[in-house]
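Per UniProt numbering, the sequence shown starts with residue 1, numbered consecutively.
I have placed the structure first, in the form of structure tokens, so that the comments after it can refer back to it.
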Amino acid sequence: MIDIDRIRTDTPAASRLAYLHNAGAALMPTPVATAMKRHIDFESEIGGYAAADRESVRLDTVYGSVARLLNAAPDEIALMENATVAWQMAFYSLPFAQGDRILTAEAEYAANYVAFLQVAKRTGAIIDVVPSDSTGELDVAALERMIDDRVKLIAITWVPTNGGLVNPAAAIGRIARAHGIPYLLDACQAVGQMVVDVETIGCDMLSATGRKFLRGPRGTGFLYVRRAMLQRLEPPMIDHFAAPWVSRDEYQLRDDARRFETWENNYAARLGLGAAVDYALAIGLGPIEQRCRLLADRLRSGLASIRGIQIRDLGRAPGAIVSFTVDGYDANAIVSGAAAAGITIGASDPSSTRIDAELRALPPVVRASPHYYNTEAEIDRLIGHLAGLTPR
């Protein structure tokens, strides 16, 4: 059971906001903010280097915390500035040549897809989009049929930004493993919302952010690289932390995932990330996932009863991102109106998931994303607000 009262006490803004924008940037719990402020105080009092030395043990434990979150090993974790950098460091480490194929999904995120386009332009690699099945999930049977010896990467967004879809990450992993194809998983919207086990999933690389459902600070993220994959990847950019300068004409890449890091970083933010991971682990990702789905299902059920609202989610078991449109209303107008009523939600533009948006002729959609610290009353408050809109 989740102690909602205690968690909401740790989330002061919850007393004045119905905050349902966790797919954008969740509210940090007090222990996260405290960890960051404490380190900033140290830096102001004794200097940045001394502060890092003083907190070196605590900083090192962040790797272990993230590893426990993913069921990985600490040496398979790199701490990054954000999820995009994490994903890019993995992707751009892979070699591609003319005719090599990259397999991805219809709902792939824009930041990833433009990287595919750039590599295709540079190398002659080919981007092939795996079709979705009747539920909207990536069609696993179609993926299997598309495999040949030219496929050099399977890269999938697990939980797309524009709706409740949860792609079959583990089923994709089984195919990737069976054919020996590297598998890169964008888990930005999954980490902190649901159980993430890289051994069960079978991915070789996974990227995620701190600021979304994990409830960490902005400017944090991490990369997981399976130990067996590490030695196959040379980062596209290095410094003397990632690859010590061992002689006049030689550098030596680190043996662990920290080969993807650089020497300078935001130590206060790292400590905040570690506190956020520990906070989630203490609650339990199983109970978190169960409550997230419960609240999201309650919201979908309520929205389905309101005339003029169309739910735009896909998948057999949608997650905690609820996307919808309201007849006669622009998505941003809905977001602004909700904000005036003390309810924080967001919107997703078609350009963020262009292929899926074009296939479904999606306009900008409203995006409400409840988390475990939300209450049923807050869900009902949003439903009531939307039900009270004047039809257009």
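Beta carbons: idealized from backbone N, C-alpha and C, even for Gly.
Whole angstroms are fine: how far does the CA of residue j sit from the CA of residue i?
i, j, result
"arginine 360", "glutamate 45", "55 Å"
"phenylalanine 91", "glutamate 250", "25 Å"
"alanine 171", "valine 140", "7 Å"
"leucine 314", "phenylalanine 324", "11 Å"
"isoleucine 383", "histidine 371", "16 Å"
"residue 477", "threonine 135", "Since the first residue of the chain shown is 1 and the last is 392, residue 477 is not available in this structure."
"phenylalanine 96", "glutamine 118", "11 Å"
"glycine 163", "tryptophan 245", "46 Å"
"serine 247", "glycine 272", "37 Å"
"glycine 342", "glutamate 261", "40 Å"
"glycine 328", "glycine 308", "8 Å"
"tyrosine 373", "methionine 229", "37 Å"
"glycine 173", "alanine 304", "34 Å"
"alanine 14", "arginine 6", "12 Å"
"threonine 200", "alanine 142", "21 Å"
"isoleucine 181", "valine 326", "42 Å"
"alanine 25", "proline 31", "17 Å"
"serine 316", "glutamate 376", "The question names serine, but residue 316 is arginine in the sequence shown. Approximately 23 Å, taken between the alpha carbons."
"threonine 123", "aspartate 75", "31 Å"
"arginine 381", "glutamine 88", "39 Å"
"valine 130", "arginine 150", "15 Å"
"aspartate 10", "arginine 145", "49 Å"
"aspartate 255", "histidine 240", "14 Å"
"aspartate 197", "arginine 68", "9 Å"
"lysine 212", "glutamate 43", "27 Å"
"isoleucine 306", "leucine 386", "8 Å"
"isoleucine 302", "proline 364", "Reading off the sequence, residue 302 comes out as glycine, not isoleucine. Near 21 Å, if we compare the C-alpha coordinates of proline 364 and glycine 302."
"leucine 59", "histidine 39", "11 Å"
"lysine 37", "glycine 47", "14 Å"
"isoleucine 355", "alanine 107", "6 Å"
"arginine 259", "tyrosine 267", "18 Å"
"alanine 52", "phenylalanine 116", "37 Å"
"arginine 293", "glutamine 98", "43 Å"
"proline 318", "arginine 54", "44 Å"
Across which residues does DSSP place residue i in a beta bridge pair?
i, result
"isoleucine 383", "DSSP lists no partner for isoleucine 383."
"threonine 30", "BP columns for threonine 30 are empty, so no partner."
"glycine 221", "Met80, Thr209"
"glycine 286", "Paired residue(s): none; glycine 286 is not in a bridge."
"histidine 240", "The partner list for histidine 240 (beta bridge, DSSP) is empty, contrary to what the question assumes."
"glutamate 250", "Ser247"
"aspartate 128", "Leu103"
"threonine 123", "Answer is none; threonine 123 lacks a bridge partner."
"glycine 346", "Arg367"
"phenylalanine 324", "Ile311, Val366"
"histidine 21", "Ser369"
"leucine 230", "Answer by DSSP bridge pairing: none, since leucine 230 is not bridged."
"alanine 155", "Leu184"
"leucine 138", "Ser132"
Assuming residue i and residue j are in contact, meaning their beta carbons sit under 8 Å apart, how far apart are those beta carbons, in whole angstroms?
i, j, result
"isoleucine 102", "alanine 125", "6 Å"
"leucine 70", "leucine 185", "Between leucine 185 and leucine 70 the Cβ distance is about 11 Å, and since that is not below 8 Å, they are no contact."
"lysine 152", "aspartate 100", "4 Å"
"alanine 83", "glycine 221", "4 Å"
"leucine 138", "asparagine 112", "So it is not a contact: roughly 14 Å between Cβ atoms."
"threonine 344", "leucine 17", "6 Å"
"isoleucine 156", "alanine 105", "5 Å"
"residue 396", "leucine 253", "Because the chain here runs from 1 to 392, residue 396 falls outside it and cannot be looked at."
"residue 394", "tyrosine 183", "The requested residue 394 is not part of the displayed model; the chain covers only 1 to 392."
"valine 159", "isoleucine 288", "Actually they do not touch by this definition, with Cβ atoms about 14 Å apart."
"cysteine 188", "alanine 169", "That belief does not hold up - the Cβ atoms of cysteine 188 and alanine 169 are roughly 13 Å apart, past 8 Å."
"leucine 214", "alanine 276", "5 Å"
"proline 274", "valine 62", "Note on residue identity: the sequence assigns glycine, not proline, to residue 274. With a Cβ gap of about 4 Å, glycine 274 and valine 62 count as contacting."
"serine 65", "aspartate 278", "5 Å"
"isoleucine 2", "isoleucine 283", "6 Å"
"alanine 72", "leucine 223", "Their Cβ separation, rounded to whole angstroms, is 11 Å, which puts alanine 72 and leucine 223 out of contact at 8 Å."
"serine 336", "arginine 367", "Going by Cβ atoms, the distance from serine 336 to arginine 367 rounds to 14 Å, so no, they are not a contact pair."
For residue i, count the other beta carbons within 10 Å of its own beta carbon; 16 or more makes it buried, fewer makes it exposed. Which is it?
i, result
"aspartate 41", "exposed"
"tyrosine 49", "exposed"
"glutamate 358", "exposed"
"leucine 281", "exposed"
"tryptophan 263", "exposed"
"residue 393", "Because the chain is modelled from 1 through 392, residue 393 falls outside the range shown and cannot be assessed."
"alanine 178", "exposed"
"serine 351", "exposed"
"alanine 339", "exposed"
"residue 411", "Only positions 1 to 392 of the chain appear in the structure, and residue 411 is not among them; the question remains open."
"aspartate 128", "exposed"
"glutamate 234", "exposed"
"threonine 161", "buried"
"glycine 202", "buried"
"serine 369", "buried"
"asparagine 22", "buried"
Does any C-beta atom of chain C lie closer than 8 Å to the C-beta of residue i?
i, result
"proline 287", "Absent from the structure is chain C; it holds one protein chain and no more."
Identify every run of the beta strand (DSSP E) within the segment 177-208, keeping only runs that are complete inside it and at least 3 residues long; order them along the chain. Those beta strand (DSSP E) runs which fall completely within the segment 177-208 and span 3+ residues are 183-186.
What are the complete alpha helix (DSSP H) segments, minimum 4 residues, inside the segment 37-84? 48-54, 56-70
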